[in-house]
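Before any comments, here is the structure.
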Amino acid sequence: ILKTFEEQIGPEYAPHEKIIELFDSRKLGRKSGEGFYSYAERPAVTEDQAKGFDVKLLLEPFVKEAEKLFNEAVATVEDIDIAMKLGANIPKGPFEMIKAGLGEEKPVLTGKADGVYKITLNRPSKLNSMTLEMLGLISEAVDEASADPDVKAILVTGAGDRAFCAGADVSQFPGLSVEEARKVSKAGHNAFKKFMETPKPVVAAVNGYALGGGNELILFCDLRVASDKARFSQPEVSLGLMPGWGGTYLLKKIVGKMEANDLIMTGRRINADEAKSMGLVSQVYPAAEFDAKVKEYLQALVNGPQKSLKAMKKLSASDVNLDAALDAEADAFADLWNYGELIEGIDAFNNRRKPVFKGE
């Protein structure tokens, strides 16, 4: 197994000389007679021996290796989890542990393979909802990809099979001042604008829900493809809010004023086919084939004429009105913190009830 890993993934998986020695002498482990250790009966492990042991020391390398396999497209999330549960006889695979809250100390994953720099929003247990920390990590990731001459295209997607990104984590919002709310809006603008500013083409692969800020993120990308299970909406109105990360300007530029107003003012959710019909995404692929189709789509960019693509990207992303429009959006977004509708909307959301807006 290790030899195969070494050949397929890299030299860091090469088996240690001691393992080779034991294998060649057919000392395959205690279950088959002899191995690294030997004992007459199952050793007793007392509670005192476990005191002070940090389980993360055991789990973190396990999860990081799983992330590496996934980011380098060696195996799918499901295959890694199944293999580890069967092979290691553990109740949960590494990505199931992430969903349960283990390993989410890295809310944004990055990896590079075959000329593609992949950015994965990694809070699947929270539908990959966006925090301020994640905005900073996205910005850093795009800078890294932009500076790497081996990177020909950037891919943005979400971890898990339920969501691309369910928008901003609104648990951050209660208690913000007007000025702090404006900073939240500008933080999203500054991070997402990096997708326009990089000379590399950026593809958003929408594998599930793209809601609120998640839908706004994809508006800054050059190309957008979706799974047939993807769903899109700007639901901020139901919270007494409005889009604050570019949606008020870019959505109408992409799909037209009437369609944008419909989505923003009603908060209605649309499926992938409707998103394609209005120009929000260019391709819709069956969920079962999504990863393979996205990889195929990206290879056309990786293998394309880089100077030509760079020139087309620069012209396509150019927008002299963008900064002024985003500043106006940030001002309007922050002003909502002066009114009671926002408080009512977020409280209703947190308590899973229908909000009652009184025009306050």
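Reading the sequence shown from the start, the letters are residues 7 to 366 in the working numbering. All C-beta atoms in this analysis are idealised placements derived from N, C-alpha and C, irrespective of residue type, glycine included. On a predicted model such as this, the values are computed, not experimentally measured, just so you know.
Helix, strand or coil at residue i according to DSSP, with G and I counted as helix
i    : result
M271 : helix
F170 : strand
K367 : Residue 367 falls outside the range modelled here, since the chain spans only 7 to 366, and no answer is possible.
N277 : strand
L225 : helix
S324 : coil
S233 : strand
G109 : Confidence is the limiting factor: at G109 the pLDDT is only 46, short of 50, which leaves the residue's position unreliable and the question unanswerable from this model.
A210 : strand
Y255 : helix
Y291 : strand
A79  : coil
A298 : helix
L342 : helix
A159 : strand
R359 : coil
D154 : coil
A20  : coil
G250 : coil
D175 : coil
S31  : coil
K196 : The question names Lys, yet the displayed sequence has Asn at residue 196. Helix at N196.
G142 : helix
T137 : coil
M264 : helix
T10  : helix
L332 : helix
L348 : helix
M284 : coil
G365 : coil
CB contact flag (residue i, residue j, <9 angstroms)
i    : j    : result
P207 : L307 : yes
G194 : M136 : yes
L127 : P113 : yes
A210 : V162 : yes
E203 : V148 : yes
A187 : A72  : no
V243 : I276 : no
A169 : N213 : yes
Y123 : V157 : yes
F238 : A278 : yes
D325 : K259 : yes
F68  : G166 : no
L65  : K199 : no
D234 : T82  : no
K282 : P292 : no
G253 : A266 : yes
Nearest neighbour of residue i, chosen from the options [CA to CA]
i    : options                : result
A119 : K91, R129, D167, L75   : L75
E78  : C171, L115, D228, L332 : L115
E335 : S288, L257, K282       : L257
G121 : G253, D297, S152, N95  : S152
K301 : A159, E280, S239       : A159
A236 : G164, A174, G273, F226 : G164
A174 : E185, S191, K24        : S191
E280 : A323, L92, V261, A298  : V261
M248 : E13, L28, L348, G365   : L348
R274 : K200, Q240, K33, N357  : Q240
L141 : I125, P21, I25         : I125
D228 : I88, K319, D353, K263  : K319
P130 : G310, E185, M103       : M103
S294 : S31, E84, F29          : It is Ala, not Ser, that sits at residue 294 in the sequence shown. The shortest Cα separation from A294 among S31, E84, F29 belongs to E84.
G365 : N344, L92, I86         : N344
D87  : K189, G99, S31         : G99
L342 : S183, S322, L304, D353 : S183
K189 : E23, G250, G218, N357  : G250
S322 : F29, F201, A94         : F201
Beta-carbon separation (whole angstroms), residue i vs residue j, contact threshold 8 angstroms
i    : j    : result
G220 : C171 : 3 angstroms
P361 : G351 : 5 angstroms
V290 : A232 : 5 angstroms
R230 : L286 : 7 angstroms
P205 : K316 : 5 angstroms
Q178 : L138 : 7 angstroms
P21  : K9   : 7 angstroms
Residues bridged to residue i (per DSSP)
i    : result
G117 : K124
L217 : S239
G164 : L127
Contact test: residue i Cβ vs the ligand ATP heavy atom, cutoff 8 angstroms
i    : result
A119 : By its list of ligands, the structure shown contains no ligand whatsoever, and the ligand ATP lies outside what it can speak to.
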